[in-house]
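Before any comments, here is the structure.
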Amino acid sequence: MSIAVVGSIGLDTIQTPAGRVHEVLGGSAAYFSLAARHFMPVSVVAVVGKDFPREARALLAQSDVDLTGLEVQDGKTFRWEGVYSDDMNTRETIRTELNVFERFKPDLPDRTRSLKNVFLANIDPVLQREVLSQLDQPRLVLADTMNYWIKTKKDELLKTLKQVRIVIINEEEARELTGEALTHKAARAILSLGPETVVIKQGEHGAFLQGPELFFTCPAFPIDNVIDPTGAGDSFAGGFVGALARMARVNDHNLRRAVVYGCVLASFTVEGFGVSGLARADRESILARAEAISDMTKFSLSDTARILR
Ligand code: AMP
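When we follow my numbering, the leftmost residue of the sequence shown carries the number 224, and every step to the right adds one.
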């Protein structure tokens with residue numbers, strides 16, 4: 224059992240109030256894989272250029288991420304640059320260079336085609352569908368996206384969403400996609416686009432789950448020293464999808480458990496630049512944070528009715 228992921232692998236230049244890093248390993252599939260591998264092996268479908276640094280590749284390979292489906296093409300690797308505001312709640316994209324992704328036509332290795340769990344991480348929605356069409360019989364299809372694709376390829380994105388069981392999206396993007404100003408209305412509007420469940424990521428406020436009959440909200444694990452929020456959303460997805468794929472059934476209880484693991488994995492990412500914080504997470508620290516979140520969310524109203532007049 225493994226999870227197939229298609230998404231970006233690239234080099235990020237990031238500036239936050241804590242400092243700046245230049246061309247470090249990044250991309251949605253990189254963060255996703257490094258988070259999901261704690262639950263299940265991950266096979267990446269992506270492309271890099273000949274300039275992709277050996278150390279960046281080694282970091283993924285050492286973490287037991289299957290790179291058989293990572294093509295290397297003539298040309299430059301995907302690059303992205305972002306600058307965060309002082310409170311790190313917003314960021315400005317300075318540049319997005321798709322480079323080798325512009326011409327990428329994935330051709331999945333045989334053993335990836337038979338995988339049952341697939342995450343369509345943030346990348347061109349046409350590529351997301353192309354990967355989906357090459358899988359034999361996927362059981363669990365989940366997807367994420369980003370403002371860039373909502374702006375440039377909304378119709379393609381809507382076609383992809385029709386084939387997705389669970390969508391994971393951040394709150395501004397949910398509003399942008401649906402035109403709804405209120406996040407809860409946006410979540411419900413996404414359910415009418417195809418997916419049976421939507422997970423809305425809310426940054427430092429955690430995440431909530433919305434299904435036709437399900438609502439669950441989970442706090443973020445509080446981190447005092449946030450260094451770099453880049454990739455927190457993709458790491459959330461890695462924790463969520465990894466945990467859900469490990470559980471035999473998709474039901475309300477398991478969806479809630481998966482959201483907790485999503486919040487846990489995201490919390491490691493924000494503690495360091497690029498993937499450095501996430502790379503430090505281990506079994507014990509993941510479990511400890513999951514238990515802490517579970518304690519935070521336990522609450523019984525007990526005899527509260529007596530408080531009311
Ligand atoms: P997040 O902070 O979770 O939204 O993810 C940030 C990551 O997404 C960075 O590592 C970027 O390399 C990657 N990224 C940024 N823009 C795009 C895009 N248009 N398509 C795919 N990946 C992107």
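The beta carbon of each residue, even a glycine, is placed where N, CA and C say it ideally should be.
For the pair Pro435 and Pro418, the Cα-to-Cα distance works out to about 10 Å. With a threshold of 16 other beta carbon atoms within 10 Å, Arg326 falls short and is exposed.
Between ligand 1 and Asp274, a heavy atom-to-CB distance of less than 7 Å is absent. Taking C-beta atoms as the reference points, Val323 and Phe301 count as a pair closer than 8 Å. Only residues of its own chain outside the window of five on either side were considered, and among them Ile373 have a CB closer than 6 Å to the CB of Leu400, listed in chain order.
One Cα belongs to Ile226, the other to Thr527, and the distance between them is close to 45 Å. Taking the Cα of Val390 as reference, the smallest distance to any Cα among Gln357, Gln433, Arg503 and Ile237 is reached at Gln433.
Distances from the CA of Leu501 to each of Arg398, Phe255, Ser231 and Val341 were compared; the closest alpha carbon is that of Phe255.
In this structure, the CA atom of Gln360 is about 10 Å from the CA atom of Val341.
For Leu381, the uninterrupted alpha helix (DSSP H) run begins and ends at Lys377 to Leu384, by DSSP. Beta-bridge analysis with DSSP links Glu320 to Arg302.
Between the stretch 438-447 and the stretch 234-241 there are fewer than three inter-stretch CB-CB distances shorter than 8 Å, so the stretches are not counted as touching. If you look at Ala259, you'll find it in the alpha helix (DSSP H) that goes Ser251 to Ala259. Per the C-alpha coordinates, the member of Gly250, Ala410 and Glu427 positioned closest to Val421 is Ala410. The beta carbon of Met369 sits closer than 7 Å to at least one heavy atom of ligand 1.
Straight-line measurement puts the Cα of Arg398 at about 6 Å from the Cα of Ala404. When Lys385, Asn370, Phe262 and Lys382 are compared, the shortest CA-CA separation from Glu394 is found for Asn370.
With contacts defined as CB atoms closer than 8 Å, Val229 and Ala252 qualify as a contacting pair. According to the DSSP assignment, Asn477 belongs to no beta strand (DSSP E) but to the alpha helix (DSSP H) extending over Asp475 to Thr492. Residue pairing by DSSP places Asn340 opposite Ile226 and Leu363 in a beta bridge. Inter-residue distance for Gly250 and Arg532 is about 55 Å (C-alpha atoms, whole angstroms). A straight line joining the alpha-carbon of Glu320 with that of Trp303 spans about 6 Å. Under DSSP, Glu514 takes part in no beta bridge, so it has no partner. In this structure, the beta-carbon distance from Val244 to Gly497 falls below 8 Å. Cβ neighbours of Ser286 within its own chain (closer than 8 Å, five residues either side excluded): Ser256, Leu257, Arg260 and Ala502. DSSP links Gly456 through a beta bridge to no other residue. Checking the 7 Å criterion, the Cβ of Ser286 is out of range of every heavy atom belonging to ligand 1.
Distance from Gly462 to Gly485 at the Cβ level is roughly 4 Å; contact confirmed, criterion being Cβ atoms closer than 8 Å.
By the neighbour-count criterion, in which 16 or more other beta carbons inside 10 Å mark a residue as buried, Asn345 falls on the buried side. If the five residues before and after Phe262 are omitted, its C-beta is found closer than 6 Å to the C-beta atoms of Gly465, Ala466 and Arg469, all from its own chain and listed in chain order.
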